[in-house]
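Participant: Please find one structure pasted underneath; my questions will follow.
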Amino acid sequence: MRLPRTRPRSLAGQLFAMQVVLIAAVVAGCAVFAYVSGSAQAEETAARQVRVAALAVADSPSVREAIRTPDPSAVLQPYAERVREDTGIAFVTIMDTERVRWTHPDTSQIGDTFLGNTAKALRGQTFSETYTGTLGPSIRVVTPIRDDGRIVGLVSAGITVDRVSSQVREQLGALALAAGGALALGGIGTYVVNARLRRHTHGMNAAELSRLHDYHQATLHAVREGLLMLDGRRRIALINDAGRELLGLGPDAEAVGRTVDELALPAPLTGALLASEARVDELHLTAERVIVVNTRPVVGGEHRGTVVTLRDHTELQALSGELDSERGFTQALRSQAHEAANRLHTVVSLIELGRVEEAVDFATAELELAQVLTDRVVGAVEEPVLAALLLGKAAQANERGVELVLAEDSLIDDGALPPSLAQRDLVTILGNLIDNAVDAASEAPEGAEESGAAVPGPRAAGGPAGRARVTVTALADERELLLRVADTGAGIGPEAADEVFRRGWSTHGAGRGLGLALVRQAAHRNGGTVELDAGPDGGARFTVRLPLGDRTAGPAAGARAKEVTA
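All the letters of the sequence shown, read from the start, carry residue numbers 0 to 565 under numbering that gives the first Met the number 0.
Structure, rendered in structure tokens:
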């Protein structure tokens, strides 16, 4: 028959058993110590009592006078019995220097030899001893009786050991009662404490708690989502490595025990972490990341804290932006293909009608208009990603009736941007700024821009006057990359200059207002700045400056160095 495996006793049960044994041992030890010390104290008290009695008898003048009489026992026996009864000791024996008793509680023992040691007393000393005499074992004191300096007799006073033991036994009963009460109270207190411990540990034993702790630590360090636990006072009780990274806290920063307000997080994120209600998949921005926040309060009769999970949404947000750009490119190409087909049909129809020269003029004009911006972008911006982005955004803007213009002073050589400057961040910055500028320019009323404004580049090559326009400047020198986007829209008032970069701020309703926040975040991530002011055409102008640092490495840099040397 196979016996079932028994589950180990819970941690609370083990502690209860250990504490009961410990309390019992402490109480027993205290009882034994009290008994031993009480016995010693009783013996010391008895010795002190009989010593006082013996010395008092030896110093009594009546005793010395009685010794001088022919029959000392006649006077000393009644005196010794009165002293014995008054002091409560066992005996008071007065004897001569030959140890012959003059007094004794048992009168038949008078005249017999004293049983005990007297040598020290005969030498003039007072001493105590435990000796077995006619009354049994006793604690006795022997002292000399002096008369004019001579030792004329001895006094021995004593108390039996049985009487001392009976006194100790009487104390022992009270001591046992007190020890039993202490043990009972200790057991009850221990049970109450361990019952509470059992509830908090859910009845788990030490091995299970240790294993749970090991799994807990391994999970915290292994999971890639940020985990943050706040106690009822909104202080950080626990945070894992991913949580520190997502919130911008250093690995060595002291976070546990600090309140959320002390972390210097953006106000919307701080509000979400401190909220008493649950938050589900809320998008928030930190200085360098886009994170998705979920919170759930821990409630057990009262608000005990909050569990917060953080997911890094930065890469996904960047990919979403790139996907939106690709979709825009696709729509622009589809529209361009449709327009190209219409133009081709027009050219074919003109040829069929025999108007060949008009067909050539129409086709050439269309090619010139389409090629102007392409040549300008390719000639000024040799960075492939930025050039492709500008051409794609130009097509999108054209579909919405907005002219995208590249400023005359724009110049970015191939290889001018260091590898440390992420191309994805460039797409995020320039793409969002152009999208917002196109939105603003396309919504501005006709003729809202200042008349006679000078427009460099393709604008002078045939762009219609008064058309909505977005002007882009892209310039890289040895120190920084300058990206500037200006539009002909209604502009942004000074009162909203600080709010435009806040997530959720938008003039297009709910669900918008993330682009400029991402622009500032990407600029900050690369050590740059974003500035907003009024553009020359009356609209808003955003200027982003990104430091480039040391760009001496690379083939393009080497080629430029040779040209300068030459």
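Every residue gets a Cβ at the ideal spot worked out from N, C-alpha and C, and that includes glycine.
What are the boundary residues of the beta strand (DSSP E) that residue 72 is part of?
Facilitator: Within the sequence shown, numbered from 1, the residue matching residue 72 stands at position 73. No beta strand (DSSP E) contains residue 72, which is instead part of the alpha helix (DSSP H) from 71 to 86.
Participant: Which residue comes first and which comes last in the beta strand (DSSP E) that contains residue 155?
Facilitator: Locating residue 155 in the sequence shown gives position 156, counting from the first residue. 149 to 159 is the extent of the beta strand (DSSP E) around residue 155.
Participant: Report, in whole angstroms, the separation of the C-beta atoms of residue 225 and residue 245, which I expect to be a contact under 8 Å.
Facilitator: Position 226 of the sequence shown, counted from the first residue, corresponds to residue 225. Position 246 of the sequence shown, counted from the first residue, corresponds to residue 245. Their Cβ separation, rounded to whole angstroms, is 4 Å, which keeps residue 225 and residue 245 in contact under 8 Å.
Participant: Kindly indicate which three-state DSSP category residue 260 falls into: helix, strand or coil?
Facilitator: Translated into positions along the sequence shown, residue 260 becomes position 261. DSSP places residue 260 in helix when its eight states are reduced to three.
Participant: Please state if the CB of residue 74 and the CB of residue 178 are separated by a distance shorter than 8 Å.
Facilitator: Counting from one through the sequence shown, the residue named residue 178 turns up at place 179. Counting from one through the sequence shown, the residue named residue 74 turns up at place 75. Taking 8 Å as the Cβ cut-off, residue 178 and residue 74 do not qualify as a contacting pair.
Participant: If you compare alpha carbons, which of 232, 222, 266 is closest to residue 256?
Facilitator: Here the question's residue 256 lines up with position 257 in the sequence shown. Ranking 232, 222, 266 by Cα distance to residue 256 puts 232 first.
Participant: Per DSSP, what are the beta-bridge partners of residue 304 in this structure?
Facilitator: As a position in the sequence shown, residue 304 is number 305, starting the count at 1. The partner list for residue 304 (beta bridge, DSSP) reads 230, 297.
Participant: Quick check on the DSSP output: the beta strand (DSSP E) that includes residue 384 runs from which residue to which?
Facilitator: On the sequence shown, position 385 is the one that residue 384 refers to. Unbroken run through residue 384 is the alpha helix (DSSP H), 383 to 398; no beta strand (DSSP E).
Participant: Name the two residues that bound the continuous beta strand (DSSP E) containing residue 269.
Facilitator: Here residue 269 refers to the residue found at position 270 when the sequence shown is read from its first residue. Per DSSP, residue 269 belongs to no beta strand (DSSP E); it is in the alpha helix (DSSP H), 266 to 273.
Participant: With respect to the beta strand (DSSP E) encompassing residue 536, which residues constitute its N-terminal and C-terminal limits?
Facilitator: Working through the sequence shown from its first residue, we reach residue 536 at position 537. No beta strand (DSSP E) contains residue 536, which DSSP labels as neither H nor E.
Participant: Between 407, 488, 474, which has its C-alpha nearest residue 441's C-alpha?
Facilitator: Here residue 441 corresponds to residue number 442 of the sequence shown, with the count starting at 1. For residue 441, the nearest C-alpha among the options comes from 488.
Participant: If you draw a straight line from the C-alpha of residue 304 to the C-alpha of residue 230, how long is it?
Facilitator: Here residue 304 refers to the residue found at position 305 of the sequence shown. Here residue 230 refers to the residue found at position 231 of the sequence shown. Each residue's alpha carbon lies about 4 Å from the other.
Participant: Tell me the rounded alpha-carbon separation between residue 519 and residue 380.
Facilitator: Here residue 519 refers to the residue found at position 520 when the sequence shown is read from its first residue. Here residue 380 refers to the residue found at position 381 when the sequence shown is read from its first residue. Roughly 23 Å between the two C-alpha positions.
Participant: Between which two residues does the alpha helix (DSSP H) carrying residue 430 extend?
Facilitator: Locating residue 430 in the sequence shown gives position 431, where the first residue counts as 1. Residue 430 -> alpha helix (DSSP H) spans 422 to 442.
Participant: Look up residue 283 in the DSSP assignment and give the residues it is bridged to.
Facilitator: Within the sequence shown, the letter at position 284 stands for residue 283. Beta-bridge pairing links residue 283 to 290.
Participant: Classify residue 417 as helix, strand or coil using the three-state DSSP reduction.
Facilitator: Working through the sequence shown from its first residue, we reach residue 417 at position 418. The answer is coil: DSSP assigns residue 417 none of H, G, I, E or B.
Participant: Going by the beta-carbon positions, is the gap between residue 138 and residue 154 smaller than 8 Å?
Facilitator: Residue 138 sits at position 139 when you count from the first residue of the sequence shown. Residue 154 sits at position 155 when you count from the first residue of the sequence shown. Result no, Cβ atoms of residue 138 and residue 154 do not sit closer than 8 Å.
Participant: Any chance the stretch 110 to 123 sits against the stretch 91 to 101, with 3 or more Cβ pairs inside 8 Å?
Facilitator: At 8 Å Cβ cutoff, the stretches touch.
Participant: Less than 8 Å separating the beta-carbons of residue 241 and residue 222?
Facilitator: As a position in the sequence shown, residue 241 is number 242, starting the count at 1. As a position in the sequence shown, residue 222 is number 223, starting the count at 1. In contact: residue 241 and residue 222 (Cβ atoms closer than 8 Å).
Participant: Taking the C-alpha atoms as reference points, what is the distance between residue 118 and residue 156?
Facilitator: Taking the first residue of the sequence shown as 1, we reach residue 118 at position 119. Taking the first residue of the sequence shown as 1, we reach residue 156 at position 157. Each residue's Cα considered, the two are about 16 Å apart.
Participant: Might you give, ordered along the chain, the residues of its own chain that have their beta carbon closer than 6 Å to the beta carbon of residue 448, omitting 5 neighbours on each side?
Facilitator: Sequence index remark: in the sequence shown, residue 448 carries index 449 (1-based). Confidence at residue 448 is low in this model, with a pLDDT of 40, below 50, so its placement is unreliable and no value can be given for it.
Participant: Hey, how far is the Cα of residue 361 from the Cα of residue 346?
Facilitator: Numbered from its first residue, the sequence shown carries residue 361 at position 362. Numbered from its first residue, the sequence shown carries residue 346 at position 347. For residue 361 and residue 346, the distance between alpha carbons rounds to 7 Å.
Participant: Check the DSSP bridge columns for residue 94 and list the partner residues they point to.
Facilitator: Within the sequence shown, numbered from 1, the residue matching residue 94 stands at position 95. DSSP output for residue 94 lists 100, 153 as bridge partner(s).
Participant: Would you kindly work out how many angstroms separate the C-alpha atoms of residue 415 and residue 421, rounded to a whole number?
Facilitator: The sequence position of residue 415 within the sequence shown is 416, counting from 1. The sequence position of residue 421 within the sequence shown is 422, counting from 1. Roughly 13 Å between the two C-alpha positions.
Participant: How about residue 529 and residue 469: do their beta carbons lie closer than 8 Å?
Facilitator: Here residue 529 is taken as the residue at index 530 of the sequence shown, counted from 1. Here residue 469 is taken as the residue at index 470 of the sequence shown, counted from 1. Taking 8 Å as the Cβ cut-off, residue 529 and residue 469 do not qualify as a contacting pair.
Participant: Are the stretch 59 to 68 and the stretch 33 to 46 touching, with three or more C-beta to C-beta distances below 8 Å?
Facilitator: Not touching, per the Cβ criterion.
Participant: Let's see if you can read the secondary structure: which residues bound the beta strand (DSSP E) around residue 405?
Facilitator: Counting from 1 along the sequence shown, the entry for residue 405 is found at position 406. Note, residue 405: beta strand (DSSP E), 402 to 405.
Participant: Put residue 473 into one of helix, strand or coil per three-state DSSP.
Facilitator: In the sequence shown, counting from the first residue as 1, residue 473 sits at position 474. Strand at residue 473.
Participant: Residues bridged to residue 546 by DSSP?
Facilitator: Against the sequence shown, residue 546 aligns to sequence position 547. Residue 546 pairs with 479.
Participant: Under DSSP, the beta strand (DSSP E) around residue 127 begins and ends at which residues?
Facilitator: Here residue 127 is taken as the residue at index 128 of the sequence shown, counted from 1. Note, residue 127: beta strand (DSSP E), 126 to 132.
Participant: Under three-state DSSP, which class holds residue 209?
Facilitator: What you label residue 209 is simply residue 210 of the sequence shown in a count that begins at 1. Helix at residue 209.
Participant: Is residue 499 helix, strand or coil when you go by DSSP?
Facilitator: Sequence index remark: in the sequence shown, residue 499 carries index 500 (1-based). Coil.
Participant: Is residue 126 closer than 8 Å to residue 104 when the C-beta atoms are compared?
Facilitator: Counting from 1 along the sequence shown, the entry for residue 104 is found at position 105. Counting from 1 along the sequence shown, the entry for residue 126 is found at position 127. The answer is no: Cβ separation not under 8 Å.
Participant: Buried or exposed: which applies to residue 40, given that a residue is buried once 16 or more other Cβ atoms fall within 10 Å of its Cβ?
Facilitator: Counting from one through the sequence shown, the residue named residue 40 turns up at place 41. Counting Cβ neighbours within 10 Å, residue 40 comes out exposed, since fewer than 16 surround it.
Participant: Please classify residue 135: does DSSP put it in a helix, a strand, or coil?
Facilitator: Indexing the sequence shown from 1 puts residue 135 at position 136. In this structure, residue 135 counts as strand in the three-state DSSP scheme.
Participant: In the structure shown, what three-state DSSP assignment does residue 25 receive?
Facilitator: Counting from 1 along the sequence shown, the entry for residue 25 is found at position 26. Note: residue 25 maps to helix in three-state DSSP.
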